[in-house]
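Asks:
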Amino acid sequence: MLFNRMRLAVLATLLTVAASASYADPLHLYAGAGLRLPVEDIITQFEANTGHKVTVEYGGSGQILTRYQLTNEGDLFLPGSADYVEKLSKEGKITASYPLVRHTAVMAVRRDKAGDIKDLADLANSPLRLGMGDAKAIALGASGEKMLEMSGHGEQLRAKVIVRAATIKQLLMYLLNGDVDAAVIGRSDAVKNAQTLVILPTPAGVPEDEVTIAVLKTSHSPAAAQQLADYFASEKGIATFTAHGFLPLVKQDKAL
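Residue numbers (mature numbering (1 follows the signal peptide of the UniProt record, and there is no 0)): -24 to -1, 1 to 232.
#1: Since A115 and P55 are thought to touch, with beta carbons under 8 Å apart, how far apart are those beta carbons, to the nearest angstrom?
#2: Does DSSP put T194 in a helix, in a strand, or in coil?
#3: For V156, which of helix, strand or coil comes out of DSSP?
#4: Buried or exposed: L46, going by 16 or more other Cβ atoms within 10 Å of its Cβ?
#5: Near residue 249, which residues of its chain fall below 8 Å by C-beta distance, leaving aside the five closest residues on each side in sequence?
#6: Please report the distance separating the alpha-carbon of I40 from that of T31.
#7: Between the beta-carbon of A72 and the beta-carbon of H28, is there less than 7 Å?
#8: Among F222, G38, E23, which residue has its Cα nearest to the Cα of A166?
#9: Measure the beta-carbon distance from A84 to I161 and round it to whole angstroms, keeping in mind my assumption that it falls under 8 Å.
#10: Using 8 Å as the Cβ pair cut-off and three pairs as the minimum, do the stretch 97 to 110 and the stretch 208 to 219 touch?
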């Protein structure tokens, strides 16, 4: 009799856990394609710890902004630049937002093509083919354009651009496959592929984007969405990004 009661108690516990998991609110997250690796790691941790299932829709930051504006559905928005969150904030579609890490544009050159190229001036005077991101579609597109302009060789460098990609990941593949010889990509991707790529010095003053997560007003599960946003903004979440080559935010000195 006692054994049967123990079996029933264990069974009831298991059913309770299963029911809790099955009723956990599902979430839909829009995320920049260049953030895929840390996002996947964080989502895996979050799902295991909370039971919530998260569907992630990746794309260029401009692409996911357009998708959300067309559907008006979703729980969280995670672009590669705070500019896209600001656009939604001005439309009154954000309940909370949190900057996470810096998203830094760099000019990366294939090692087998770099030769004596040490900076953007050398690149401008070389025969190499360049790839850039579409400034209207991806976060690093605009900062990449600023990099070319601030190099003092913008016209020469733009004349070498043979492709403008809709996502940084697509541009990275072009570079790794040899379809282009150099490209403006994210620092995290360049560091990860350091055996193949060389990073050229970036001109002083080139702006850096901030990866920012936002909770959307359209969320059907605002408490769960806030929980995921907090998870991304936690020390563990930030550490996941920096482990993938993203730089931490620069702390602003407090006024005396």
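Cβ coordinates follow ideal geometry from the N, Cα and C atoms, glycine included.
Source: prediction; values computed, not measured.
Replies: Well, looking at it:
#1: Correct: roughly 6 Å between the Cβ atoms.
#2: coil
#3: It is coil, neither helix nor strand.
#4: Label assigned to L46: exposed.
#5: Residue 249 cannot be examined here, being either before or after the span of the chain that is shown, -24 to 232.
#6: 14 Å
#7: No, Cβ-Cβ distance for A72 and H28 is not below 7 Å.
#8: F222
#9: Contact check for A84 and I161: beta-carbon distance about 5 Å, within the 8 Å limit, so the pair qualifies.
#10: no
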